[in-house]
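Chemist: Read in order, the letters of the sequence shown correspond to residues 204 to 291 in my numbering. Ideal Cβ placement from N, Cα and C applies to all residues, glycine included. In this text the structure is predicted, and so the values were computed from the model without any measurement. Sharing a structure with you now.
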Amino acid sequence: MANMYPEIGRMFRARESGKKEIADQARNRALKIADEILFSQDLKPAGREEWSTIKNMILGYDSLNDFEQDILKRYAEPFSYKFMAHYQ
204 MANMYPEIGR MFRARESGKK EIADQARNRA LKIADEILFS QDLKPAGREE WSTIKNMILG
264 YDSLNDFEQD ILKRYAEPFS YKFMAHYQ
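See the structure below:
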């Protein structure tokens, strides 16, 4: 499984450069990662709520302002590092 943080970065960079198809591909990869984590049996209820929030922000990435984008990047970062090693 890929690390989510770079996928989110790719998604926003592609959108900012007008490459919607590439941005949507990165969004789909990030959503796949979020879904795998959400369906994990190891996830506690509080973590499930946080990952659901991250997933919802990814779904609406094209309507997020700069501040909300920064929140999404920071919100996903520590969790993706934690799960990356476990699901590789």
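Return the CA-CA distance between Gly221 and Asp227, expressed in angstroms with no decimal places.
Modeler: Working through the sequence shown from its first residue, we reach residue 221 at position 18. Working through the sequence shown from its first residue, we reach residue 227 at position 24. If you take the alpha carbons of Gly221 and Asp227, they lie about 11 Å apart.
Chemist: How many Å lie between Ile225 and Gly212 at the Cα?
Modeler: By 1-based counting over the sequence shown, the position of residue 225 is 22. By 1-based counting over the sequence shown, the position of residue 212 is 9. Straight-line Cα distance between these residues: approximately 12 Å.
Chemist: With distances taken Cα to Cα, identify the nearest neighbour of Met207 among Asp238, Gly250 and Lys247.
Modeler: The residue labelled residue 207 in the question sits at position 4 within the sequence shown. The shortest C-alpha separation from Met207 is found at Asp238.
Chemist: Taking C-alpha atoms, which residue in Asp273, Leu246 and Ser243 lies nearest to Met260?
Modeler: The residue given as residue 260 occupies position 57 in the sequence shown. Among Asp273, Leu246 and Ser243, the Cα nearest to that of Met260 is on Asp273.
Chemist: Taking only the alpha-carbon atoms, compute the straight-line gap between Arg277 and Glu253 and give it to the nearest angstrom.
Modeler: Translated into the one-based positions of the sequence shown, residue 277 becomes position 74. Translated into the one-based positions of the sequence shown, residue 253 becomes position 50. Answer to the nearest angstrom: the Cα atoms are 12 Å apart.
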